[in-house]
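So for the sequence shown, my numbering puts the first residue at 1; every next one is plus one.
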Amino acid sequence: MSTTNYSYSQIIASGKPSQHTSPHLLSFGEKHRLAIATIIALKPVVIVLDEPFSGLDYKRGLQILTSLRKYVDEGGGVVLVAHDLRLINEVADRVAVLESGRIVRVGAAEEVLSDIDWLIEHGFTPLQSAIIAKKFGLPRVIKTRDVANAISKCIK
């Protein structure tokens with residue numbers, strides 16, 4: 001296994017089980033992360049993941065997102081189906097929203113995820129960072145770190 005592949009596996013599988021541990025002895029979350037690490041190690045042109053965060057806590061979801069972002073930064077593509085806007089916010093460049101199996105909105109992640117009224121109208125809980133940005137009159141800033149930076153500039 002190459003260093004890059006091993007680092008992906010290590011990030012996603014979180015190192016507890018060794019590479020010699022039988023998959024049958026892994027927990028659900030460990031099996032889930034191992035499956036995603038295995039797909040990444042194969043280096044396909046595009047990875048399609050349906051609810052890769054289901055059954056995982058937020059911290060583990062972020063570990064997977066970090067690996068997926070690294071994969072994209074190295075030239076791979078990822079199509080992701082998910083309901084957790086916090087995690088989508090961390091990785092998505094573009095977002096397509098489906099309702100009853102139909103695409104009802106497509107756009108840049110910042111555009112879609114910062115449209116608080118539209119999200120509420122369609123049954124989503126808007127991101128806290130988007131709500132704060134709107135209250136401060138900040139333009140389409142949705143990542144928490146970007147909101148914090150923009151607010152600190154306003155205060156100075």
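Just so you know, even glycine gets a beta-carbon here, dropped at the ideal spot from N, CA and C.
Computed from a predicted model, the values in this text were never measured in an experiment.
| request: Note down, one range per segment and in chain order, each alpha helix (DSSP H) of at least 4 residues found wholly within the region 47 to 122. | output: If we require 4 residues or more, the alpha helix (DSSP H) runs fully inside the region 47 to 122 come out as 58 to 73, 85 to 91, 109 to 113 and 116 to 121.
| message | Using a Cβ-Cβ cutoff of less than 7 Å, which residues in the same chain neighbour Arg140 once the five nearest sequence positions on both sides are dropped? | response | Position 140 of the sequence shown, counting from 1, holds the residue named residue 140. Contacts found: Glu110, Glu111 and Ser114.
| task | Determine the burial state of Ile142: buried for a count of at least 16 other Cβ atoms within 10 Å of its Cβ, exposed for fewer. | result | The residue you call residue 142 lines up with position 142 of the sequence shown. Ile142 comes out buried.
| DSSP on Ile132, reduced to helix/strand/coil? | The residue labelled residue 132 in the question sits at position 132 within the sequence shown. It is helical.
| Contacts around Leu56, its chain only, beta-carbon distance under 8 Å, and the 5 residues preceding and following it disregarded | By one-based count along the sequence shown, residue 56 stands at place 56. Gly29, His32, Arg33 and Ile64.
| field | Sequence-distant residues of the same chain with beta carbon closer than 7 Å to Leu68, five excluded per side | value | On the sequence shown, residue 68 is found 68 positions in, with the first residue counted as 1. Answer for Leu68: Val78 and Val91, listed in chain order.
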